[in-house]
Amino acid sequence: MATTKISDSVQVKGAVSDYLSGKIGRRSFLLRLTTVGFTAAAAQQYLELVAAPASLQAGDTNQVDTLLRGAYVITMDDQRQVYTNGYLAIRDGKIVGVGRDSECTFRGGETIDGSDMVVMPGLINAHNHLVQVASRGRGDDPRRPGVRPSPGRDDMQARMRNLVGGQIAEAVHWDEDRTYNMVRLHLMALLKAGTIGTHDQHFTNVNKRSIDGVLRAIDDSGMRALVARGTANHPDVLPQDLREDTEVGLQEVERLRSRWNSSRINVVPSPVAVAYIASGDDIVKMKRGAEAMGAQFEMELAGNTGHMVMEAIGWKGGVIEYLDDLGVLDDSVLGDKGHLLQDQEYQLWKDRGMKVCMVPTLRITDGLGLPADKFTDVGILPGLGTDSMVTPSGLWRVMRLIIYAQQMKDRREGVRRPEAWGYSERVLEMATRGGAWALFMEDRTGSLEVGKDGDCILIDGQRPYLRPNAESRRIVSDLVWSGESDMVDSVMVAGKFLMRNRECQIWDEREVVETAEKTLTSLNKDTGGDQRLPLRVPGQTVRGWKYL
Ligand SMILES: [Zn+2]
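With this note's numbering, letter number 170 in the sequence shown gets 236, and the count goes up by one each step, no holes.
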């Protein structure tokens, strides 16, 4: 029989006061309630009761800033509730109500008619490099002659290696303003596709102020971001004068955190990947440095590239086992691209509580496919990322690509399944709450729940490619299998519209595009970066097409 002890009620009071004063987030609050005997459902109800009076102190209990009514609301909460005719109420940047429209008691400063709209959590791009927007379309360029490691080869992989090599070589020309101008364009494209948060791994820190341009653009955008500031110093990747000492890298991260960290932005150190950092010692130094400054940690951990390094250093196991042996794996680590590991390493990943993101595009271009099921089998829901470069900005396509990449892997290995791995609900979860979890943002965003920040996207369900939906039967399926970026009508972060009726509310869209064009022209002048791009202008014939 359940009894309440005095000590329990003291603990509940303490949790309530910590939650209301903002010391702890909703997840920690729920956890503390369950430790004194609340069931998960009871804790959730209690949270809703507590959250209401908290914002009520300001006056009218039912008055909110923005009220969305009559919409198809996909909450992505722990019970995965979908209100087929629902409402969402936002006050002071927080969600204060979500539920059946018939039960809505709120009045909105602004009330939005959500009929024919899908309202859901915003997408989170959980693996990305924002400056690489400058390489858009360059997957089509001919390979630069004489580039390692595949002389005489010109396929997608060779071109991508080529692009990364070029990026590092050109990094010295990226100053803060140029970076800002280019990154704004990338963020605007993400925003217009319904993305509210992004990862960024910035490893081209030859000019140390370049990353300030990245962070200034994110700060202006109103979006959320986890920015991993990379220290690269492997002799095979960088020439001597471009290699960075780990101590210098860590000091830079501290500088960036004090300048840019906020409720939306989180800068963390990263040794990039085992192929980019000189030694295990350097990785350990960086992890200890992250712990000392209270920061999380990030690394790209793809097994297919990692195993080459493991062979070179004579380590017999997998790359995850190697890092575990170094003592750097725990729940503050985002291991990006946990692709193609050894079988036993997925459970190790789970046991260490690490975050993970999948990037299917790469594993389709190299034809290897991607065993995302290895993570879901051990109970991990990964995030999804674009990895920019030659890949699309929209996560809607990536949701389909992860299904294809899994299928490719299954076919290669002759795996037959009684039930398909890839279905709409699963990949939508990956692109929203999976990404929020991967980027350490799950206390604030990733689902529509009372107490979380007022983040959501509105999708125009009238788009022809989202029809027919067969009496609503296929609304969710159509989003994943036919969804395109331009179905996103509006985007809100922390109660503020960043895009409304498809118009960016933060920047003048034309100015952003024109400035980025000019910036790329001036960069190319300095770097020679466009030399291998055929000039498609009158008088030229390129690949059999005549330009007049
Ligand atoms: Zn990457």
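All C-beta atoms in this analysis are idealised placements derived from N, C-alpha and C, irrespective of residue type, glycine included. From a predicted model like this one, the values you see are computed outputs, not experimental measurements.
Tell me whether residue i is buried or exposed, calling it buried when 16 or more other Cβ atoms sit within 10 Å of its Cβ.
i: TYR342; result: buried
i: TRP611; result: exposed
i: ALA192; result: buried
i: LEU428; result: buried
i: ARG510; result: buried
i: GLY512; result: buried
i: ILE379; result: exposed
i: GLU479; result: exposed
i: VAL648; result: Residue 648 is absent from the model: the chain starts at 67 and stops at 614.
i: VAL578; result: buried
i: SER75; result: exposed
i: LYS475; result: buried
i: PRO208; result: exposed
i: MET226; result: buried
i: LYS518; result: buried
i: TRP271; result: The question names Trp, yet the displayed sequence has Asn at residue 271. Looking at its Cβ environment, which holds 16 or more other Cβ atoms inside 10 Å, ASN271 is buried.
i: SER538; result: exposed
i: LYS26; result: Past the edges of the chain, shown from 67 to 614, lies residue 26, and the structure says nothing about it.
i: ALA358; result: exposed
i: THR587; result: exposed
i: LYS353; result: buried
i: THR101; result: exposed
By Cβ distance, which residues of its chain are closer than 8 Å to residue i, with the 5 residues on each side in sequence left out?
i: TYR112; result: LEU99 and PHE104
i: ILE541; result: TYR138, VAL184, GLY527, LEU532 and ASN535
i: GLN317; result: none
i: GLY419; result: ASP396 and ASP397
i: ASP302; result: ALA341
i: ARG166; result: TYR149, ASN151, GLY152 and TYR153
Please state whether DSSP places residue i in a helix, a strand or coil.
i: ALA536; result: coil
i: ARG609; result: coil
i: SER556; result: strand
i: GLN267; result: strand
i: SER75; result: helix
i: LYS160; result: strand
i: ALA502; result: helix
i: THR150; result: strand
i: PHE363; result: strand
i: THR593; result: helix
i: ILE277; result: helix
i: ARG166; result: strand
i: ILE386; result: helix
i: PRO335; result: strand
i: TYR138; result: strand
i: THR105; result: coil
i: ILE379; result: helix
i: GLY441; result: First, the residue type needs correcting, since residue 441 is Phe and not Gly in the sequence shown. In the structure shown, PHE441 sits in a helix (DSSP, three-state: H, G or I).
i: GLY175; result: strand
i: ALA235; result: helix
i: GLN571; result: coil
i: VAL82; result: helix
i: LEU434; result: coil
Can you name, in chain order, every residue of its own chain whose Cβ lies under 6 Å from the Cβ of residue i, other than the five neighbours on each side?
i: ARG477; result: none
i: GLY595; result: GLU236
i: PRO119; result: Confidence at PRO119 is low in this model, with a pLDDT of 49, below 50, so the placement of that residue should be treated as unreliable; the coordinate-derived value is given next. No residues qualify anywhere along the chain.
i: VAL338; result: PHE269, GLY296 and ALA298
i: TRP381; result: TYR388
i: ALA155; result: VAL130, LEU133, VAL162, GLY163 and PHE172
i: GLN123; result: Its pLDDT being 49, under 50, GLN123 is placed unreliably by the model, and the measurement read from it follows with that caveat. Counting only Cβ-Cβ distances below 6 Å, and skipping sequence neighbours, we find nothing.
i: LEU308; result: VAL272
i: ALA107; result: none
i: GLN362; result: VAL334, SER398 and PHE506
i: GLU411; result: GLY384 and ILE386
i: GLU364; result: ALA294, VAL334, SER336 and LEU400
i: GLU366; result: ALA339, ASP402 and LYS403
On the premise that residue j lies in contact with residue i, defined as a C-beta separation below 8 Å, what is that separation, rounded to the nearest angstrom?
i: MET186; j: CYS522; result: 7 Å
i: PHE506; j: LEU292; result: 6 Å
i: ILE430; j: TYR470; result: 6 Å
i: CYS423; j: ASP391; result: CYS423 to ASP391, Cβ: 23 Å. No contact.
i: ASP266; j: ASN194; result: 6 Å
Enumerate in chain order the residues of its own chain whose CB-to-CB distance from residue i is below 7 Å, with the five nearest sequence positions on each side excluded.
i: SER328; result: none
i: ALA283; result: TYR246, VAL249, ARG250 and LEU253
i: HIS239; result: LEU589, ASP592 and THR593
Query raised in the report: If you scan the stretch 285–325 from start to end, which runs of the beta strand (DSSP E) of 3 or more residues do you find wholly inside it?
Result: 290–296
Query raised in the report: When a residue counts only if its C-beta is closer than 6 Å to some heavy atom of ligand 3, which residues count, in chain order?
Result: As for ligand 3, it is missing from this structure, which binds only ligand 1.
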